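Chains as they are written, first to last, in the working numbering: chain C, 1 to 401; chain L, 402 to 802.
Built from N, CA and C at the ideal position, the CB exists for glycine as well.
Being a predicted model, the structure only gives us computed values, none of them experimental.
Comments concern the structure below.
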């Protein structure tokens, strides 16, 4: 066995970044520290107490009294796939409200499950029109599941979930909600909505590294899983087996080796979010996003989404004519250490996506980005009034005090 | 929204443990530190360099020149499921060599995929008899895949893989190898074996926290995936899509948000393993395991597996008659901070599993465990000659010194 030399430095540094893309966001120092704790066994009684605490804290951020909660050992996409794989059997009908890139990902996944997929496509950048769902559900004798995304990360739209849930319930369908970008930054009301399955991710508004998907499951969804004719196609994401490990039925049955450090990180992220106070945290996200919008508008950069439907976590802005997407993003990254996101799907090359989530939702980051844009955009042929963006954002921050 | 008070302490401590179970093992301080690095975007060009390095280091520990490598965003079980889901289509025949608990997990997963599963069951605690495979393959016109486990964590057997691979190749079948417990602690020779897909886990002999599954894939396996009639049932574990993100085809296409901190941890764990030197690392694992066996035998605790087939990473020992499994394990945990593992499946309650993997493979931990056993076992009715285990282990360490 020959081995060439290893790269020399003992621990090459990861460059520091201000992460204002669609996630991962910056991670809180307390959460980073939590991961430094010593390793512990995944069946250790002291670790079980930690898992109980995580499940309890998740109920609070999901605002649920009765849902079963846990964190799946995968990213947000694993939470999406787990819902579709566990709630659908081949041939089941699922009606999917489609208004962005991540909605389309759901179509792909549900098709692989062998479900009868009914995609209801509406415009990107606007909330999904509820009447489309109502009309479609009337056409079917039995719909097993309706899916929607609370905060479409590709478009920046905040979708009202309550009315979709009411329509789904009226037609005896389960409702699955994507809360990847909303949990911890926006009010997520699992019980009030009447959701049956919701999933999120750790790296957006919870201030943790990516790698886990916190989920909430209603009693009706658990009943539906119990009544399956065959087990889900995925053993790794089998929610019944995973629930047994998380103690949903009282005991703890080994499933797979839990990602201990990520669970310790999540616990700290949740404690920090709840310590800040959910209403205060939502208000912080809203305040900073409002300042960002004001600043961008002062630079002539228009938001895709009408103000009343805009997410606080992610702001989607049109790239001005003649400006090349990647050139600006590279300049921001290399010149200022700031990451923002590009567009996905039909928005690729046409928009930037600016995330202000969790630890990244800070007034100073809003101002840093606007300053960097003011200095960078003219280099690429787009003239702006120097200082206009920062001034508008500062005013907005002051007026909301 | 009412909220009861949070638990008071800002960061409750995780109790320190000597982890001598089947994993997670103790994590190297350098690896813990690596996770403290700042977050970075999963499409950041500087992060791409880190991913390239991880893929390259993985080729070295898998001892492969040409395999494609990456780390999946899930635990070792995700690596198992990814292999079966991507290499099998419904109706494909898979012949599974079964000689332990984790082999049976493969049967469950492959059944969910809809494959024609042919389990070849042999005794637990002994290597799988190769002639069984040869005889079975002769009965089929076309077998798509043969599966085997290099290091069965439930039994402690080291399975020779080369001969199984030769037989599989002779019958034009792909070979999938579980290297969860072997990679980094035992010689894993992906190319020399002629394996087509191998997967491992970060929390065993690589000294990292659990949460990722490093995989290696041969050109033949990639061809087989290209020729699928339909995509794999799992989008999250679709190896072709994941390979595109890891740059297997030259470019980088977004798939899901990579677990950045875990990848930073894995990089450091791999650098540390290769820095120690693979032959030196294997020798360390063998030396400490040998000392452990000598000590256990001196206490009258017999190993399940004959010496010549024993794994260095995990030693499976019979629980003496009349001694209650959990009482002893609880005493070790609560009295000495030492975790050892219990039995799984048909070995439940009958054996203990002692892991000496990665950071946990240390002479001082061997001596600590033997001392603790010498003091604990008499409390539960099993008399031992005090000091006999430690003396035998010390002698073994000296003679190999």
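Exercise for the section: Give the single residue among C/280, C/300, C/352 and C/342 whose Cα lies nearest to the Cα of residue 378 of chain C. Expected result: By alpha-carbon distance to residue 378 of chain C, the top candidate from C/280, C/300, C/352 and C/342 is C/300.
Problem - CA-to-CA distance, residue 230 of chain C to residue 85 of chain C, given in whole angstroms - result: So the two alpha carbons sit approximately 11 Å from each other.
Exercise for the section: Identify which residue in L/757, L/690, L/739 and L/634 has its Cα closest to the Cα of residue 514 of chain L. Expected result: Shortest Cα-Cα distance from residue 514 of chain L to any of L/757, L/690, L/739 and L/634 involves L/634.
Practice task
For residue 26 of chain C, collect the residues of the same chain with a Cβ closer than 6 Å to its Cβ; drop the 5 residues on either side in sequence, then sort them by chain order.
Solution key: For residue 26 of chain C, the CB contacts under 6 Å within the same chain, skipping 5 residues up- and downstream, are 19, 359 and 360 in chain order.
Handout entry: Top-ranked residue by Cα proximity to residue 220 of chain C, from C/197, C/203 and C/167
Key = Its Cα nearest to that of residue 220 of chain C, the residue C/197 stands out among C/197, C/203 and C/167.
Exercise for the section: Starting from residue 602 of chain L, find everything on chain C with Cβ-Cβ shorter than 8 Å and list it in chain order. Expected result: Proximity of chain C to residue 602 of chain L at the Cβ level (cut-off 8 Å) is accounted for by 257, in chain order.
Practice task
If I'm right that residue 518 of chain L touches residue 495 of chain L with Cβ under 8 Å, what's the distance once you round it to whole angstroms?
Solution key: Yes, they are in contact, since the Cβ atoms of residue 518 of chain L and residue 495 of chain L sit about 6 Å apart, within 8 Å.
Exercise for the section: Step through the CB atoms of chain L and report whether any lies within less than 8 Å of the CB of residue 35 of chain C. Expected result: At least one chain L Cβ lies under 8 Å of residue 35 of chain C.
Problem - Classification of residue 660 of chain L by the beta-carbon crowding that lies within 10 angstroms, buried from 16 upward - result: Its Cβ being crowded by 16 or more others within 10 Å, residue 660 of chain L is buried.
Practice task
Measure how close the beta-carbons of residue 671 of chain L and residue 450 of chain L come, nearest whole angstrom, since I'm counting them as under 8 Å.
Solution key: Contact doesn't hold; Cβ gap of about 15 Å is too wide.
Handout entry: Every unbroken beta strand (DSSP E) inside the stretch 332 to 368 of chain C [3 residues or more]
Key = DSSP runs (the beta strand (DSSP E)) wholly in the stretch 332 to 368 of chain C: 338 to 342 and 351 to 355.
Problem - Classification of residue 406 of chain L by the beta-carbon crowding that lies within 10 angstroms, buried from 16 upward - result: Summary for residue 406 of chain L: the model assigns pLDDT 47, below 50, so the residue's position carries little reliability, and this model does not support an answer.
Problem - Option in L/601, L/561, L/416 and L/548 with minimal Cα separation from residue 593 of chain L - result: Just measuring C-alpha positions, the residue of L/601, L/561, L/416 and L/548 sitting nearest residue 593 of chain L is L/561.
Practice task
Please decide whether residue 739 of chain L counts as near chain B, where near means a Cβ-Cβ distance under 8 Å.
Solution key: Note that chain B does not occur in the displayed structure, where the protein chains are C and L.
Practice task
Please state if the CB of residue 207 of chain C and the CB of residue 313 of chain C are separated by a distance shorter than 8 Å.
Solution key: At a Cβ-Cβ threshold of 8 Å, residue 313 of chain C and residue 207 of chain C do not count as neighbours.
Handout entry: DSSP-derived helix/strand/coil call for residue 1 of chain C
Key = Note that residue 1 of chain C scores a pLDDT of 38, beneath 50, so its modelled location is shaky and nothing firm can be said.
Handout entry: Where residue 510 of chain L meets chain C, residues with beta-carbon distance less than 9 Å
Key = By Cβ distance, chain C contributes 234, 235 and 236.
Problem - Cα-Cα separation, residue 168 of chain C to residue 467 of chain L - result: Rounded to the nearest angstrom, the two C-alpha atoms are 51 Å apart.
Problem - Best match in C/17, C/179, C/72 and C/171 for proximity to residue 245 of chain C [C-alpha to C-alpha] - result: The residue with the shortest Cα to Cα distance from residue 245 of chain C is C/72.
Exercise for the section: Verify the CB distance criterion: does residue 476 of chain L have a CB-CB separation below 8 Å to chain C? Expected result: Flagged as an interface residue toward chain C: residue 476 of chain L, by a C-beta distance shorter than 8 Å.
Exercise for the section: Mind the definition here: the stretch 720 to 735 of chain L touches the stretch 537 to 554 of chain L only if three or more C-beta pairs lie below 8 Å; say whether that holds. Expected result: No, they do not touch.
Exercise for the section: Look up residue 97 of chain C in the DSSP assignment and give the residues it is bridged to. Expected result: C/120.
Practice task
Mark residue 563 of chain L as exposed unless 16 or more other C-beta atoms lie within 10 angstroms of its C-beta, in which case mark it buried.
Solution key: Around the Cβ of residue 563 of chain L, a 10 Å sphere holds fewer than 16 other Cβ atoms; the residue is exposed.
Problem - Cutoff 7 Å; reference residue 535 of chain L; Cβ partners in own chain excluding five residues on either side - result: The beta carbon of residue 535 of chain L sits closer than 7 Å to the beta carbons of 568 from its chain, once the five residues preceding and following it are set aside; these are given in chain order.
Handout entry: Buried versus exposed call for residue 100 of chain C [16 or more other C-beta atoms within 10 Å across all chains shown]
Key = Under this definition residue 100 of chain C is a buried residue.
Handout entry: 8 Å Cβ cutoff, residue 445 of chain L in contact with chain C
Key = For residue 445 of chain L, the answer is yes, since a Cβ of chain C falls inside 8 Å of its Cβ.
Problem - DSSP three-state assignment for residue 568 of chain L, whether helix, strand or coil - result: Looking at residue 568 of chain L - three-state DSSP - the assignment turns out to be helix.
Handout entry: Residue span of the beta strand (DSSP E) that contains residue 199 of chain C, given as start and end
Key = Per DSSP, residue 199 of chain C belongs to the beta strand (DSSP E) from 197 to 199.
Exercise for the section: Starting from residue 262 of chain C, follow the alpha helix (DSSP H) in both directions and report where the run begins and ends. Expected result: 260 to 276 is the extent of the alpha helix (DSSP H) around residue 262 of chain C.
Handout entry: Neighbour list for residue 441 of chain L in chain C, Cβ cutoff strictly below 9 Å
Key = Correct list: 14, 15, 16, 17, 19, 24 and 339.
Exercise for the section: Look at the Cβ atom of residue 257 of chain C, then the Cβ atom of residue 425 of chain L, and state whether they are nearer than 8 Å. Expected result: Residue 425 of chain L is positioned such that its CB atom lies closer than 8 Å to that of residue 257 of chain C.
Problem - Where residue 719 of chain L falls: helix, strand or coil (DSSP) - result: Of the three classes helix, strand and coil, the one that applies to residue 719 of chain L here is strand, per DSSP.
Handout entry: Residues from the stretch 98 to 122 of chain C in contact with chain L, defined by Cβ distance under 9 Å
Key = Of all residues in the stretch 98 to 122 of chain C, 105, 108, 109, 111, 112, 113 and 114 have a Cβ within less than 9 Å of some Cβ in chain L.
Exercise for the section: Please state whether DSSP places residue 69 of chain C in a helix, a strand or coil. Expected result: Strand at residue 69 of chain C.
Problem - DSSP-derived helix/strand/coil call for residue 436 of chain L - result: Helix, per DSSP.
Practice task
Mind checking which residues open and close the alpha helix (DSSP H) that includes residue 55 of chain C?
Solution key: It spans 45 to 61 - the alpha helix (DSSP H) in which residue 55 of chain C sits, taken as one unbroken run.
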